[in-house]
Amino acid sequence: MKATSVKAYGTAAAEADLKQLDIERRAITVSDVAIDILFCGVCHSDLHFARNDWGMTQYPVVPGHEIVGRVTQIGDGVSKYKKGDLVAVGCLVDSCRTCSNCKADLEQYCPSWVGTYGGYDKHLDTNTHGGYSETIVVDEAFVLRVPKNLDQAGIAPVLCAGITTWSPLRHWKVGKGSKIAVVGLGGLGHMGIKLAHALGAHVTLFSRSTNKIEDAKALGADEVIISTDEGQMEKAMGSFDLILDTVPYAHDLNPYVGTLNTNGTLCVVGYLGPLDPMLVTVPMIMGRKSVAGSLIGGIAETQELLDFCGKHNITSDIEVIKIQDINNAYERMLKSDVKYRFVIDIASLK
Ligand code: NAP
Ligand code: ZN
Ligand code: ZN
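Note that this note's numbering has the sequence shown beginning at 1, numbered continuously upward.
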């Protein structure tokens, strides 16, 4: 069967705006699901990738890994989904399925995981392209089921912003009695607050912005600490079991390490790269504190989160945009001018 040409939004260069272009979607294989995309969230990683912030982008790039859509076609061997099902696709579309990570439902740490965009599509021998597009074709093993009771646009950010904060909350066994903090109130941060609150934890937000205090409390934060206020930081010393740091750029982690309690962990999810300034080990050694990192989450864990959101009626706080507004949305995201995730209505592309 032949590949199909579909409309998408992407860019062929780091310094260029995103614009409409055509991409190929493969004909479905026996285990594939073809999906008509309804909504796609806008992650800060999309912006990093489009602008080659991580130095590994191959162009053209079509971002988008917070995808919600409807099944339009299934391969002969597909058993989990049928035509018309509401489904989702997150950051992963394939992995080797045989390594120890894959066997442990940790596909995100598989050395051969395939990203939803910027990965390698072995069927088409091209880069994978993401959800800023009309359709996508994905192996059923990497397709997720969406709870019917949730808003279709609002659930999209759960596929990346949600799972990226959920996975460390689960790994470090956050629940009733846990004291956790989130650094940065953006897409990841606001999901981290909602999810930790729903798990029963006491939640604190560290933010640079005094104008986010009320929002943070409405989202489920018990306290807000303004990270630029030395007095407030000093008062928080030795407080937290787990801190999720969602800040996208190099920043000083040392003041946050001090706010961990004994055995506490600061988990970096936002920034990828060398630390500047460097980490000082003294407060780590003096309290057996850890600085760790975490990448999205596996497929089973993402389904667990979608089901948890269905049960607890959790969606993201979003601003729905047309795809033609994506370049402006990127500029606004850089200024933290979004409450708290842009989601593209893909109908605007059709
Ligand atoms: P976002 O919506 O732009 O939110 C980031 C927040 O960080 C901002 O709202 C702001 O909060 C704070 N911030 C921004 N610039 C800052 C600076 N220079 N110094 C201190 N704080 C700053 O971004 P996002 O979509 O949540 O993504 C956050 C990061 O996570 C991105 O780098 C993204 O690539 C990464 N990411 C990682 C994974 C993973 O698997 N590890 C998955 C998805 C995304 P305040 O105004 O409250 O301070
Ligand atoms: Zn993302
Ligand atoms: Zn593997």
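In this text, a Cβ means the ideal position worked out from N, Cα and C, and glycines have one as well. The model shown is predicted, which means the values in this text are computed figures rather than measured ones.
The Cβ-Cβ distance between residue 37 and residue 135 falls below 8 Å.
Nearest in C-alpha terms to residue 233, of all of 248, 222, 221, 254, is 254. Here residue 125 is exposed: its Cβ has fewer than 16 other Cβ atoms, across all protein chains shown, within 10 Å. Residue 158 sits in a helix when the DSSP states are folded into three classes. Every alpha helix (DSSP H) of 4 residues or more that sits fully in the region 57-130 is shown, in chain order, as 100-103.
With respect to residue 198, residue 314 sits close: the two C-beta atoms are nearer than 8 Å.
Inclusion of residue 208 and residue 123 in the CB contact set at 8 Å is not warranted, their separation being larger than that value. By the Cβ neighbour-count rule, residue 128 is buried, with 16 or more other Cβ atoms within 10 Å of its own.
Within the DSSP bridge table, the entry for residue 303 names no partner. Put simply, of 77, 248, 256 the residue whose alpha carbon is nearest the alpha carbon of residue 241 is 256. Per the C-alpha coordinates, the member of 89, 111, 294, 340 positioned closest to residue 219 is 340.
Here residue 346 is buried, its C-beta having at least 16 other C-beta atoms within 10 Å. With contacts defined as CB atoms closer than 8 Å, residue 33 and residue 81 qualify as a contacting pair. Under the three-state reduction of DSSP output, residue 153 falls in the helix class.
Taking C-beta separations shorter than 7 Å and ignoring five residues to either side along the sequence, the partners of residue 20 in its chain run 7, 9, following chain order. Relative to the non-hydrogen atoms of ligand 1, the Cβ of residue 194 never comes closer than 7 Å to any of them.
Spanning the alpha carbons of residue 297 and residue 113 requires a straight line of approximately 12 Å.
Note that the C-beta distance between residue 99 and residue 110 is below 8 Å. Restricting attention to 175, 333, 210, the CA atom closest to the CA of residue 194 is found in 175. Taking C-beta atoms under 8 Å as the contact rule, residue 69 and residue 87 qualify, at a distance of about 6 Å. In this structure the region 270-289 does not lie against the region 154-162, because fewer than three pairs of beta carbons, one per stretch, are closer than 8 Å. Residues 250, 253 of the same chain have their beta carbon placed closer than 8 Å to that of residue 275, with the five preceding and five following residues left out of the count. Relative to residue 24, the option among 57, 42, 39, 62 whose CA is nearest is 62.
If you draw a 10 Å sphere on the C-beta of residue 312, you find fewer than 16 other C-beta atoms in it, and that means exposed. Sorted by position in the chain, 43, 45, 160 make up the residues whose C-beta lies under 5 Å from a heavy atom of ligand 2.
For residue 166, the closest of 190, 144, 327, 11 by C-alpha to C-alpha distance is 190. Across the structure, residue 349 and residue 130 are spaced so that their CA atoms are roughly 14 Å apart. Relative to the Cα of residue 60, the nearest Cα in the group 46, 239, 30, 183 belongs to 46. Beyond the five residues adjoining it in sequence on each side, residue 13 comes within less than 7 Å, by CB distance, of 59 in the same chain, given in chain order. At a cut-off of 4 residues, the continuous stretches assigned as alpha helix (DSSP H) that sit fully inside the region 209-286 are 213-219, 230-235, 254-258, 282-285.
Rounded to the nearest angstrom, the gap between the Cα atoms of residue 188 and residue 163 is 9 Å. Check the Cα spacing between residue 306 and each of 66, 15, 30: the tightest is with 66. In its chain, beyond the 5 residues on either side, 30, 31 have a beta carbon closer than 6 Å to the beta carbon of residue 77. Residue nearest to residue 246 within the set 342, 294, 223 is 294 (criterion: CA-CA distance).
Contact between residue 212 and residue 185 is confirmed by a C-beta separation of about 5 Å, below the 8 Å threshold.
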